[in-house]
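Okay, structure first, notes after.
Residue numbers (UniProt numbering): 1 to 750.
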């Protein structure tokens, strides 16, 4: 157990012997007369181990004696490692002693400084020191070979430190705390300059970096390391904390990993001799003043987790067998602490995951409950609203028809004009009732995907005039100005869509505007075209809608605000149906409103493609370029890929509809009748959807393209037999995509 104070003389000595050496130093100072100084005391705190409230802290007694004379310098240092023994160093080296004096700021006078060799009066002090040391050291046989009592003391100290480390492992689950305190205690006990834990990190090389050869001869794991924990004898020792090294330096040490995996503890007394052939490793160690080292492995689950390394700086050190065994035992106990920490972390992760699943499941149940409550509330609102809507016209019908029946036997008592008024009122309320029921049925069909568009070419001007004419009587009756702002040249007003549905959309929006606009107000229908879209805008000067009510405006069976039901009748179906019809065309509807100032509804409807059966001469010319249905459905979850495909095909004049997944894909295909379907997804899911599409009698011939990152010949053969017509590999090539889509008409459908 040798300290690191001087390269000249180091021994383990009994306390009695060390005390004799201290007295000898004082005697030398008294006998040599004037010009000689002697300093005896404790080692200053800057060189003592850092104190800390830990069960692993050990009391270490550092003492020194310095003799300074013009003819000789001598420094005696001792560290008490047990109640009965000191680790002692004696040096006469002028450079080391000068450093010691400067660090400790000792008041050495100029007269006591040594003379140059040519000025020294004689070797008398050196001779006295030499003879005195030989007498003291030779009088105690423990100077050179430890007695059993010393061995017992060292073993007892080792057992004490081991017990403290084990106790710390049992008391704490904090791995960082355990390792920090362990390296501090071991560094103090071994009296080394630096003790570190060097932790390895492994990663398997990827196939892309290794290449195809890896399938025949896998390359070994790449590894690198990092100093993660450290304890130093003093701040003057350079820190290595956080230092990272690649395994290139270690690879020059043959089979070092296999050696450590077998539990070997490696002692290097002098790195310059031991690693003479490894310039990389010697250079790395010399950079941090390492001259000798003792290394013990930390093996966790049959893998080299790290190394426990003791560093002796500046000069070699002969490591004792007891020190090797001790460091190896510490490494084994630290491995236990690491396994314990890993198990605890795994338990904590499982606990956290379980808690997370419980929270998620609770949220799902809460959301389900809230959805059920919302559905129940919606049902109640619907019943209240629809019962009001149905009860009012039914009351009028039953009441007026009953009056007619009552006066049937006395026709002269009821004037013909009165009878005609009753009949007209019955008819009007009957139509209102029928319209309400039809709206509910249509909304249900739209939400279930059972409604198809009847696409045809028609005049937007004719449509606008028809709608305005049908509602002009209502506007005149309510004293409202109903105006048409038509902004399309008559020669460009042809449009392809479902004329009946557009009529229904405009009628509903205008009816709404008339219903919520007071007398002397104005309702305007504006129509214009932008590129391939028709824009229908209905503006009124009515009561307006609060901003808080806008989010539920288009929800089915919702009534926007109590003020509306106070003045007007509404079942909450009309706007929901309008939104569904707009979206069925691939368009969207927006609303702007300010309370007391009015409301603006804007519907954007894209131009639709004519079915094959209704194509005219102009369309026949287009077929020469694009003879198949130009409508394309893209089923793709990845937004970036879907956007790329949609942009490419739209620029090429294809009508593109994007579906995120295959849910309700069959109903959408039956509804939209595309010429091409591009689908990405799981093979089983894709083949199931394709089978349904190919078997449906409601769908005309359609081509199905599969998107895939990779596809073997066997997989393609199986997929082609299940109705898939072609495939494209990702990443997509734009030119190839357009080329394959344009060549559909040249390839027979399977």
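We put the beta carbon where it would ideally sit given N, CA and C, even for glycine.
- Unbroken alpha helix (DSSP H) stretches of 4 residues or longer found wholly inside the UniProt domain "Response regulatory" (631-745): 639-651, 665-672, 683-695, 713-720 and 734-742, given in chain order.
- About 6 angstroms separates the beta carbon of residue 635 from that of residue 662, a gap short enough to meet the 8 angstroms contact definition.
- For residue 319, no beta strand (DSSP E) encloses it, and the DSSP letter there is neither H nor E.
- In the pairwise beta carbon analysis, the region 304-312 is classified as touching the region 287-296: at least three pairs are separated by under 8 angstroms.
- About 17 angstroms separates the beta carbons of residue 299 and residue 165, which is beyond the 8 angstroms limit, so they are not a contact pair.
- Where residue 495 is concerned, the enclosing beta strand (DSSP E) starts and stops at 494-497.
- Under DSSP, no beta-bridge partner is assigned to residue 129.
- For residue 69, the closest of 79, 97 and 77 by C-alpha to C-alpha distance is 97.
- Three or more pairs of CB atoms, one per stretch, sit closer than 8 angstroms, so the region 537-545 contacts the region 590-603.
- Rounded to whole angstroms, the separation of the alpha carbons of residue 189 and residue 322 is 12 angstroms.
- Contact check for residue 282 against residue 276 passes: the beta carbons are separated by less than 9 angstroms.
- Secondary structure within the region 473-543: the alpha helix (DSSP H) runs of 4 or more consecutive residues, fully enclosed, are 499-515 (chain order).
- Excluding five sequence positions before and after residue 304, the CB atoms of its chain that fall closer than 7 angstroms to its own CB belong to 200, 257, 260, 261 and 297, given in chain order.
- Distance between residue 679 and residue 429, taken at the CA atoms: about 49 angstroms.
- When secondary structure is reduced to three states using DSSP, residue 93 falls in the coil class, being assigned neither helix nor strand.
- In its chain, beyond the 5 residues on either side, 291, 292 and 316 have a beta carbon closer than 7 angstroms to the beta carbon of residue 270.
- Beyond the five residues adjoining it in sequence on each side, residue 660 comes within less than 7 angstroms, by CB distance, of 637 in the same chain, given in chain order.
- Rounded to the nearest angstrom, the gap between the Cα atoms of residue 236 and residue 354 is 50 angstroms.
- With a 10 Å radius around the Cβ and a threshold of 16 neighbouring Cβ atoms, residue 339 comes out exposed.
- Proximity to residue 525 across 551, 519, 477 and 463 peaks at 463, based on C-alpha coordinates.
- CA-to-CA, the gap between residue 342 and residue 234 works out to about 33 angstroms.
- The beta carbon of residue 672 sits closer than 8 angstroms to the beta carbons of 631, 633 and 657 from its chain, once the five residues preceding and following it are set aside; these are given in chain order.
- Residues of the same chain with a CB within less than 6 angstroms of the CB of residue 106, apart from the 5 flanking positions on each side, are 39 in chain order.
- The way I'd put it, the region 547-554 doesn't touch the region 512-532; fewer than three beta-carbon pairs between them come closer than 8 angstroms.
- DSSP, reduced to helix, strand and coil, places residue 455 outside both helices and strands of the structure shown, so it counts as coil.
- Residue 389 counts as buried, since at least 16 other C-beta atoms from the protein chains shown sit within 10 angstroms of its C-beta.
- Proximity of the region 694-702 to the region 711-720 falls short of the contact definition, fewer than three beta-carbon pairs being nearer than 8 angstroms.
- If you look at residue 64, you'll find it in the beta strand (DSSP E) that goes 61-68.
- Restricted to the region 275-343, the beta strand (DSSP E) segments that are unbroken, complete and at least 3 residues in length are 290-300 and 303-313, listed in chain order.
- When only Cα atoms are considered, residue 359 and residue 169 end up about 34 angstroms apart.
- With respect to the 9 angstroms criterion, residue 467 and residue 503 are classified as neighbours on the basis of their beta carbons.
- If you look at residue 189, you'll find it in the alpha helix (DSSP H) that goes 175-190.
- Proximity of the region 530-537 to the region 636-651 falls short of the contact definition, fewer than three beta-carbon pairs being nearer than 8 angstroms.
- Rounded to the nearest whole angstrom, the CA to CA distance from residue 586 to residue 605 is 7 angstroms.
- Under the 10 Å beta carbon count, residue 579 is surrounded by 16 or more other beta carbons and is classified as buried.
- When the beta-carbon positions are compared, residue 400 and residue 422 come within less than 9 angstroms of each other.
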